[in-house]
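Asker: Just so you know, we're using full-length UniProt numbering here: the sequence shown kicks off at 1 and counts up by one. Structure below; questions to follow.
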Amino acid sequence: MPSLDRRRFLWGTTAIGATAVLAGCTSNESPNAGASNAAVAGGAGENSQPGKAITIGFSAPAADHGWMAAMTKNARAQAGRFSDVTLKATEGTNDVNQQIGQVETLINDKVDVLVILPFDGKALTEVGRQATDAGIPVVNVDRIFDTPLAYRAWIGGDNYRMGVNAGNYIASQMKAKNISAPIIGEVAGIDSLPLTQERSKGFKDALARAGFSVGPRVSAQFTPESGEQQTANLLQGASKLDALWNHDDDQGIGVLAAIDGAGRKDFIMVGGAGSRNMMDLIKADSGVVKATVLYSPSMASSAIALARLLGQAKGIGDLAEHEIPALITTYSAVVSKENVDSYLDVGFDS
Numbered sequence: 001m002p003s004l005d006r007r008r009f010l011w012g013t014t015a016i017g018a019t020a021v022l023a024g025c026t027s028n029e030s031p032n033a034g035a036s037n038a039a040v041a042g043g044a045g046e047n048s049q050p051g052k053a054i055t056i057g058f059s060a061p062a063a064d065h066g067w068m069a070a071m072t073k074n075a076r077a078q079a080g081r082f083s084d085v086t087l088k089a090t091e092g093t094n095d096v097n098q099q100i101g102q103v104e105t106l107i108n109d110k111v112d113v114l115v116i117l118p119f120d121g122k123a124l125t126e127v128g129r130q131a132t133d134a135g136i137p138v139v140n141v142d143r144i145f146d147t148p149l150a151y152r153a154w155i156g157g158d159n160y161r162m163g164v165n166a167g168n169y170i171a172s173q174m175k176a177k178n179i180s181a182p183i184i185g186e187v188a189g190i191d192s193l194p195l196t197q198e199r200s201k202g203f204k205d206a207l208a209r210a211g212f213s214v215g216p217r218v219s220a221q222f223t224p225e226s227g228e229q230q231t232a233n234l235l236q237g238a239s240k241l242d243a244l245w246n247h248d249d250d251q252g253i254g255v256l257a258a259i260d261g262a263g264r265k266d267f268i269m270v271g272g273a274g275s276r277n278m279m280d281l282i283k284a285d286s287g288v289v290k291a292t293v294l295y296s297p298s299m300a301s302s303a304i305a306l307a308r309l310l311g312q313a314k315g316i317g318d319l320a321e322h323e324i325p326a327l328i329t330t331y332s333a334v335v336s337k338e339n340v341d342s343y344l345d346v347g348f349d350s
């Protein structure tokens, strides 16, 4: 996972200024054009019918990580699903000043709506306000701006509940196995980040409610390499382990490598985010991985769908309110062998 905060909503289920180059301008693409495992938001009834033609600007960090690559892939696939949407997508960048310049270009191009997943929410707040002040509604995705004045709607995940649901699942498994004092490990992400702190707190709180506690814990960097190194350290110091929660499925590639390298099969593992790789392992049920807790990049699909409705002055059909909600927090569902088939469509490639 990227080094900054990231936050699934499925309906029914140096500044470069004006010289920023637009990497994509698509209209009427096939939903699967150039994309596998791309999630598209549901939609039926009147809102799904073609309406006013609009242009949506999209800006996100570089697709240098499985989860982030899926965010951009899903946004493009969702836009291609609508015949009334043209998508102007900037080239992904982890340079804050470059992203600001790219968003400014989209504002100057007078797009109808902006969807912004900022590399740094605080740093992109001012350009979000510029768009809002220019009369362009902004859908802020995941990494939230410092003020609601910079966005019309925010959609993102629930890090605390991600930890809670991971803890609840592990606790239920321990009780089902009649393990009264389990040793439960945790491979966290970057400890200095609020998102990691929220996930760990939720995990600790859920285990405490069940009468359990977190045992050996290490912090990695949301990369396979750090996941492998830190998990190897954890396993060296924990000759006995009953369960392990890894915060991030991209990081989990390394976590599993360390587990395989140590020849350990004495515990169950729960992942985080919902990669297709982990879902395939869950479905096979032949190793330690038994579940993953969603923090799904399908939120990018929903952000595009929300932007379309905003641009057409529509609300969400199943809600009584006439307007799009200001805040939408996605749910961190637990994907296990029992329900994995129903979540494969939102799995992403690590």
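Even for Gly, the Cβ is constructed at its ideal location relative to N, Cα and C. All of these numbers come straight from a predicted model, not from anything done at the bench.
What separation, rounded to the nearest whole angstrom, lies between the Cα atoms of L207 and Q173?
Answerer: By 1-based counting over the sequence shown, the position of residue 207 is 207. By 1-based counting over the sequence shown, the position of residue 173 is 173. The alpha-carbon atoms of L207 and Q173 are separated by roughly 12 Å.
Asker: Go through its chain and collect everything with a Cβ distance to L241's Cβ below 6 Å, but skip five positions before and after it.
Answerer: The sequence position of residue 241 within the sequence shown is 241, counting from 1. Closer than 6 Å at the Cβ level, and outside the excluded window around L241, lie I183, G185, F267.
Asker: For the alpha helix (DSSP H) that contains V340, what are its first and last residues?
Answerer: For the purposes of this step, residue 340 is taken as the residue at position 340 of the sequence shown. V340 -> no alpha helix (DSSP H), and no H or E assigned at all.
Asker: Work out the CA separation of Y169 and T86 for me, nearest whole Å.
Answerer: Translated into the one-based positions of the sequence shown, residue 86 becomes position 86. Translated into the one-based positions of the sequence shown, residue 169 becomes position 169. Spanning the two alpha carbons is a distance of roughly 42 Å.
Asker: Note down the Cα distance separating Q102 from V127, rounded to an integer number of angstroms.
Answerer: The sequence position of residue 102 within the sequence shown is 102, counting from 1. The sequence position of residue 127 within the sequence shown is 127, counting from 1. Cα to Cα, the separation comes out at about 10 Å.
Asker: State yes or no: is the C-beta of P137 within less than 8 Å of the C-beta of R152?
Answerer: Position 137 of the sequence shown, counted from the first residue, corresponds to residue 137. Position 152 of the sequence shown, counted from the first residue, corresponds to residue 152. Against a cut-off of 8 Å, the Cβ pair of R152 and P137 comes out as a contact.
Asker: Just grab the DSSP bridge partners of G185 for me.
Answerer: In the sequence shown, counting from the first residue as 1, residue 185 sits at position 185. G185 is bridged to L244.
Asker: DSSP state of R276, grouped into three classes?
Answerer: One-based indexing of the sequence shown puts residue 276 at position 276. In the structure shown, R276 sits in a helix (DSSP, three-state: H, G or I).
Asker: Return the first residue and the last residue of the alpha helix (DSSP H) that S298 is part of.
Answerer: For the purposes of this step, residue 298 is taken as residue 298 along the sequence shown, with counting starting at 1. Looking at the DSSP string, the run of the alpha helix (DSSP H) that includes S298 is 298-311.
Asker: Answer with buried or exposed for G209, where buried requires no fewer than 16 other C-beta atoms within 10 angstroms of its C-beta.
Answerer: Indexing the sequence shown from 1 puts residue 209 at position 209. According to the sequence as given, residue 209 is Arg; it is not Gly. R209 comes out exposed.
Asker: Grouping DSSP H, G and I as helix and E and B as strand, with all else coil, what is S350?
Answerer: Stepping through the sequence shown from its first residue, residue 350 is reached at position 350. In this structure, S350 counts as coil in the three-state DSSP scheme.
Asker: Along the chain, where does the beta strand (DSSP E) containing L294 start, and where does it finish?
Answerer: The sequence position of residue 294 within the sequence shown is 294, counting from 1. Its beta strand (DSSP E) spans residues 289-294.
Asker: From V293 to Y331, what does the alpha carbon distance come to, in whole angstroms?
Answerer: Looking up residue 293 in the sequence shown gives position 293. Looking up residue 331 in the sequence shown gives position 331. Their backbone Cα atoms lie some 10 Å apart in a straight line.
Asker: Among the residues of its own chain, which have a CB less than 7 Å from the CB of F119, if the five just before and after it don't count?
Answerer: Along the sequence shown, read from residue 1 onward, the residue named residue 119 stands at position 119. Correct list, in chain order: L4, P61, N94, V96, Q99.
Asker: Just checking my contact of A69 with F58 at CB under 8 Å: how many whole Å lie between their CB atoms?
Answerer: Counted from its first residue, the sequence shown places residue 69 at position 69. Counted from its first residue, the sequence shown places residue 58 at position 58. Actually they are not in contact, since the Cβ atoms of A69 and F58 sit about 14 Å apart, beyond 8 Å.
Asker: By Cβ distance, which residues of its chain are closer than 7 Å to K204, with the 5 residues on each side in sequence left out?
Answerer: Residue numbering aside, residue 204 sits at position 204 when the sequence shown is read from its first letter. Excluding sequence neighbours, K204 sits near V214.
Asker: Roughly how many whole angstroms lie between the Cα atoms of I316 and P224?
Answerer: Here residue 316 refers to the residue found at position 316 when the sequence shown is read from its first residue. Here residue 224 refers to the residue found at position 224 when the sequence shown is read from its first residue. If I take the Cα positions, the gap works out to 39 Å.
Asker: State the CB to CB distance for the pair A166 and G272, rounded to an integer number of angstroms; the pair is presumed to be in contact (CB under 8 Å).
Answerer: Translated into positions along the sequence shown, residue 166 becomes position 166. Translated into positions along the sequence shown, residue 272 becomes position 272. Yes, A166 and G272 are in contact; Cβ-Cβ is about 7 Å, under 8 Å.
Asker: Take the Cβ of N178 as the centre, count every other Cβ of all protein chains shown within 10 Å, and call the residue buried at 16 or more, exposed below.
Answerer: Numbered from 1 along the sequence shown, position 178 holds the residue referred to as residue 178. By the 10 Å Cβ count, N178 comes out exposed.
Asker: Determine, for L310, whether the minimum Cβ-Cβ distance to residues of chain C falls below 8 Å.
Answerer: Although the question refers to chain C, the structure presented lacks it and comprises just one protein chain.
Asker: In or out: G92 buried (at least 16 other Cβ within 10 Å) or exposed?
Answerer: By 1-based counting over the sequence shown, the position of residue 92 is 92. Buried is the call here.
Asker: Which residue or residues does DSSP assign as beta-bridge partners of I155?
Answerer: Sequence index remark: in the sequence shown, residue 155 carries index 155 (1-based). DSSP output for I155 lists V141, I328 as bridge partner(s).
Asker: Where N108 and G80 are concerned, what is the direct C-alpha to C-alpha distance, given to the nearest angstrom?
Answerer: On the sequence shown, residue 108 is found 108 positions in, with the first residue counted as 1. On the sequence shown, residue 80 is found 80 positions in, with the first residue counted as 1. Those two C-alpha atoms are separated by around 23 Å.
Asker: Give the straight-line distance between the Cα atoms of E321 and A176, rounded to the nearest whole angstrom.
Answerer: Your numbering for residue 321 matches position 321 in the sequence shown. Your numbering for residue 176 matches position 176 in the sequence shown. Each residue's alpha carbon lies about 43 Å from the other.
Asker: Return the residue from the list G347, N140, M269 that minimises the CA-CA distance to S298.
Answerer: In the sequence shown, residue 298 corresponds to position 298, counting from 1. Answer by Cα proximity: G347.
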